[in-house]
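Presented below is the structure to which this report refers.
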Amino acid sequence: MSNAGTALVGFMFLALLGFLLTGFPVAFVLGGVALVFAVIGLVFGLLEPGFILLMPDRIYGLIQNELLLAVPLFIAMGVMLEKSRVAEDLLDSMGRLFGPVRGGLGFSVMIVGALLAASTGIVGATVVTMGMMSLPVMLKRGYDPALATGSIAAAGTLGQIIPPSIVLILLGDVLSSAYQEAQRDMGITAPDAVSVGELFAGALLPGLGLVGLYLLYLIAQAVFRPKSSPAMPPADGELFNRQMVGRLLGALLPPVLLIIAVLGSILGGIATPTEAASLGAVGAIFLGAARLGSGRNWPLISAIAALILVLGQSALIGPATQGMPLIFAFGLCAIAGFGLLLALWRLWKAKILAPVMQSTVRVTVMIYTILVGAALFSLVFRGLGGDHSIEAALANLPGGTTGALITVMLVMFVLGFFLDFIEITFVVVPIVAPVLFVMGVDPVWLGVMMAMNLQTSFLTPPFGFALFYLRGVAPDSVKTGEIYRGALPFVAIQIIGLLLLALIPELATWLPAMLYNN
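If you're matching positions, the sequence shown starts at 22 in our numbering and goes up one per residue.
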């Protein structure tokens, strides 16, 4: 690579950072910088014309990618659970259960945050939802504002690491391509791929372990600083009786079973991530409609049962099936279809369906627009030889593979202050991941490390995205400094979790190896 090409790559990165700091939309910055430097590269003979001809193929490949269809479906699932107030019922029930215990509201926030993370996978949505529902109650009950805001922000960022996570879906797609590219560079003619299911399995134990560390910190606060997390007064807390158990199970079981069905179908190899996301979206529609049913839910219950039977019998009912089994399958599909139409009608009449669709389309369009811009930027960057510059720089770092890995993690951590996970995933990861794979880094472990690293970045003051989201919904009585102070202990816990994962890679690789026989 010539010195002129190296200089142009450097200017390309500086231009990208400069325009991003101006607040211009990220998608247009990525695409615009790519096109401008593509023209400059063509004029000075630093870019082959063939790279320009590849641009339409890159864009079409994104639209054609079946795995990315899971993104809008998971978004619809999370938004539906939020808009239909299923999440609010869950938080209210958990608060009534743990409220009379010192630190109980904090435990409720963390547990519900983990469940919302598994259902939404979007940091902003979880932080805003938890902040609007939980923060006023916690402040009213005398919680330390720093502890309350820190708990909510930390719970909100769990959507980065707990599957099924949109971050892991996008990372899985990018890492799989990078892993295959690295194997081809090593002379392997039939390269292996990394599935999203493997990444989900790899992130499950670290994600749950992180929740456990958060809860231990909240328990320590309740024991050693009881005034920071008082219990609800006896007059406000309900007795643990049969009615309360019924209310808790009614709020907890449906979303938990939906999450288990979605995640279990992926990890068990029953469904692809896109198929499981479809199940999650339909299940969320049923749950949202059932909440509005006022006891008249037998059609929806019948439809859900029929849907489960259809899924359970799908392996037995093939294209050659005839006679009664085929009639039975069509009957079940008809019942499930009728229940779905009824659920959609209820949600439409309650004026919930339209906002859910609008939010889903808005977020999906934003993500796909950024993906197009990132794809163009990555293509031009590679065309100018930027990948070779990065490869040479990482290979010459002291410390070998460890030094290269630490450098990549630090760069991604800093970029997380300014860029969303989508830009980092589709701009930075395709450039650095093949180099690390050639050095022998495990792809599943690397993906989980990257996800947890970005989660830490989004929680770290003063630039963490989660803190900005929380500041937007927190009352004026809560100072920004208190939000920052409350986040710092959870950042320390994140760093401990990262170090444990770095020192014990089996935390991320054991479960995928067990499930997928790798």
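By construction, the Cβ of each residue, glycine as well, lies at the ideal position given by its N, Cα and C atoms. Every value quoted in this text rests on a predicted model; they were computed, and no experiment measured them.
Worksheet item: Who are the near neighbours of aspartate 257 in its chain, counting only those whose CB is closer than 6 Å to its CB and skipping five residues on each side?
Response: The predicted position of aspartate 257 is uncertain, since its pLDDT is 48 and thus under 50; a value taken from the coordinates is nonetheless stated next. Excluding sequence neighbours, aspartate 257 sits near nothing in its chain.
Fill in: Inter-residue spacing [alpha-carbon to alpha-carbon] between isoleucine 517 and phenylalanine 128
20 Å
Worksheet entry | Proximity below 8 Å, CB of glycine 468 to CB of leucine 196 | yes
Item to complete: Mark asparagine 417 as exposed unless 16 or more other C-beta atoms lie within 10 angstroms of its C-beta, in which case mark it buried.
Response: exposed
Worksheet item: How about isoleucine 182 and alanine 454: do their beta carbons lie closer than 8 Å?
Response: no
Discussion item. Can you give me the C-alpha to C-alpha distance between leucine 269 and glutamate 202, rounded to a whole angstrom?
Written reply: 49 Å
Worksheet item: Are the CB atoms of leucine 488 and alanine 174 nearer to each other than 8 Å?
Response: yes
Item to complete: Can you tell me which of the three DSSP states alanine 487 falls into?
Response: helix
Worksheet item: Are there 16 or more other CB atoms within 10 angstroms of the CB of serine 498, so buried, or fewer, so exposed?
Response: exposed
Discussion item. Quick test of your reading: phenylalanine 221 and leucine 279, contact by CB under 8 Å. State the CB separation rounded to the nearest angstrom.
Written reply: About 16 Å separates the two Cβ atoms, so there is no contact after all.
Fill in: leucine 160 to leucine 368 span [Cα, whole Å]
33 Å
Worksheet item: Out of Arg246, Val266, Gly352, Val217, which has the shortest C-alpha to C-alpha gap to glycine 290?
Response: Val217
Worksheet item: Quick one: what's got a C-beta closer than 6 Å to valine 512's C-beta in the same chain, skipping five residues either side?
Response: Leu480, Thr481
Worksheet entry | Residue of Gly39, Leu83, Ala302, Leu239 minimising C-alpha distance to arginine 123 | Leu239
Practice prompt. Out of Ala282, Gly309, Gly352, state which residue places its alpha-carbon closest to the alpha-carbon of lysine 370.
Written response: Gly309
Item to complete: Starting from the C-beta of alanine 404, find all residues in its chain whose C-beta is less than 8 Å away, skip the five residues before and the five after it, and write them out in chain order.
Response: Here residue 404 is glycine; the residue named in the question, alanine, does not match the sequence. Excluding residues within five positions, the ones whose Cβ falls inside 8 Å are Ala59, Gly62, Leu68, Glu69, Phe72.
Worksheet item: Is DSSP giving arginine 106 helix, strand or coil here?
Response: coil
Discussion item. For a minimum of 4 consecutive residues, which ranges assigned as the alpha helix (DSSP H) are wholly contained in the stretch 33 to 72?
Written reply: 47 to 64
Fill in: Three-state secondary structure (DSSP) of threonine 477
helix
Practice prompt. With isoleucine 182 as the anchor, note down where its alpha helix (DSSP H) starts and where it stops.
Written response: No alpha helix (DSSP H) contains isoleucine 182, which DSSP labels as neither H nor E.
Fill in: Spatially closest choice to alanine 241 from Gly125, Val462, Val448, Ile388, by CA coordinates
Gly125
Discussion item. The alpha helix (DSSP H) that contains threonine 544, what's its start and end?
Written reply: The structure shown has nothing for residue 544, since the chain only spans 22 to 539.
Worksheet item: Taking buried to mean at least 16 other C-beta atoms within 10 Å of its own C-beta, is threonine 295 buried or exposed?
Response: buried
Item to complete: May I have a chain-ordered list of the beta strand (DSSP E) segments no shorter than 3 residues that lie completely inside the stretch 491 to 522?
Response: none
Discussion item. What does the Cβ neighbour count give for arginine 383, buried or exposed, with the cut at 16 atoms within 10 Å?
Written reply: exposed
Discussion item. Between which residues of its own chain and valine 465 is the CB-CB distance below 7 Å, once the five residues before and five after are set aside?
Written reply: Val215, Glu219, Leu220, Gly223, Ala529, Thr530, Pro533
Discussion item. Taking the straight line between their C-alpha atoms, what separation do you get for isoleucine 514 and leucine 522?
Written reply: 12 Å
Discussion item. With a threshold of 8 Å on Cβ separation, who are the neighbours of alanine 25 within its own chain once the five nearest residues in sequence on each side are excluded?
Written reply: Phe65, Leu67
Worksheet entry | Cα-Cα separation, isoleucine 84 to glycine 228 | 30 Å
Item to complete: Would you decide whether proline 510 is buried or exposed? Buried here means 16 or more other CB atoms lie within 10 Å of its CB.
Response: buried
Worksheet item: With DSSP run on the structure shown, which of helix, strand or coil describes glutamate 296?
Response: helix
Worksheet item: Helix, strand or coil for aspartate 78 per DSSP?
Response: helix
Worksheet item: What number of angstroms, rounded off, separates the C-alpha of alanine 55 from the C-alpha of methionine 76?
Response: 11 Å
Practice prompt. Using a threshold of 8 Å, state whether the C-beta atoms of isoleucine 190 and valine 266 are closer than that.
Written response: no
Worksheet item: If you follow the alpha helix (DSSP H) that glycine 421 is part of, which residue opens it and which one closes it?
Response: 421 to 436
Discussion item. If you reduce the DSSP assignment to three classes, tell me which class valine 92 lands in.
Written reply: helix
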